[in-house]
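One structure is given here, and the rest of the page talks about it.
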Amino acid sequence: MSELPDELRLPAGFAPTDPAAAPAVPRDAATVMLVRDTSGPLEVFLLRRVVGMAFAGGMTVFPGGGVDERDMDASVAWHGPAPRWWAERFGCDPALAMALVCAAVRETFEESGVLLAGPDAGSIVSDTTPYHSARAALVAKEYSFAEFLAANGLVLRADLLRPWSNWITPAQEPRRYDTRFFLAALPEGQLADGATTEADDAGWQRPAEAIAEWRRGERALMPPTWLTLADLDRCATVADAMAVERVIDPIHPDIVSDGESFRVVLPTDPEC
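The sequence shown runs 31 to 302 under this note's numbering.
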């Protein structure tokens, strides 16, 4: 297995599950790297999760979260690659693929206020202010994302997303997620606000700057976030990032100990 950078060790206090216990079943999840162009390198929208949260408390992450039952609503108004196309990219069945895309768009709206939807297949919402109360209702799980779209005459714009990667939490973790990473450009006219109770800080940053802050101990990053930021740093513009053709195979990191701390390794060696 290939080890991540030496600095990328798990936080002090990490306690793996009992090796004799059956690993937790990963929950399906989706996360979105929301990017925008600047006068220099592209920027990505980042959230710092509230300290004390059950998963990734205090960590800097992209908007996202777990798939839930309301994301399985097949009545969702949809434009773009069909669920079967997404299923082929992420190695899952079409029903789950549809739910993953819905979760990605829903979570992005809930956590950043950015809505990847429009009145029809050729347009995108330019001002999400009229949907402020609906955003709160979605967070409260009062209705499904499909119902929200239908009530407001909107269509989910799956064509605005790109598949990026698939990370599965190590078996030693008590909480595990099978997370599909998506890429999306900030729609023109929309603003990302980070107005979510799950984060205490949010904003735009160049990937290289976020990694530099992590190296200085000013920002906490999980391995998938660190490596994704490193990938994005190779893209000068949003168009460059959106044009990248990704071959997506599930990434199964492992956790090893040197007796004093824990670190993550990746199964890139074909003999592992």
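All C-beta atoms, glycine included, are put in the ideal place defined by N, C-alpha and C.
From a predicted model like this one, the values you see are computed outputs, not experimental measurements.
DSSP places residue 141 in the uninterrupted alpha helix (DSSP H) bounded by 124 to 142.
Partner residues in the beta bridge of residue 95, as assigned by DSSP, are 60.
With 16 or more neighbouring CB atoms inside 10 Å of its own CB, residue 283 falls in the buried class. Residue 157 has its alpha-carbon roughly 22 angstroms from the corresponding atom of residue 61. Here residue 119 carries a helix assignment [DSSP, helix/strand/coil]. In the assembly as shown, residue 55 is an exposed residue. Its beta-carbon has fewer than 16 other beta-carbons within 10 Å. Boundaries of the beta strand (DSSP E) harbouring residue 231: 229 to 235, taken from the DSSP string. Distance from residue 221 to residue 106 at the Cβ level is roughly 25 angstroms; contact not present, criterion being Cβ atoms closer than 8 angstroms. Boundaries of the beta strand (DSSP E) around residue 193: 191 to 198. Rounded to whole angstroms, the Cβ separation of residue 188 and residue 108 is 6 angstroms, and the two are in contact under 8 angstroms. Put simply, the backbone Cα of residue 70 is about 16 angstroms away from that of residue 216.
Bounds of the alpha helix (DSSP H) holding residue 259 are 253 to 262. With a cut-off of 8 angstroms on Cβ pairs, the stretch 127 to 137 is not in contact with the stretch 198 to 205, counting fewer than three such pairs.
For residue 81, the three-state secondary structure derived from DSSP is coil.
Taking a cut-off of 8 angstroms for Cβ pairs, the stretch 157 to 166 and the stretch 238 to 245 do not touch, as fewer than three such pairs fall below it.
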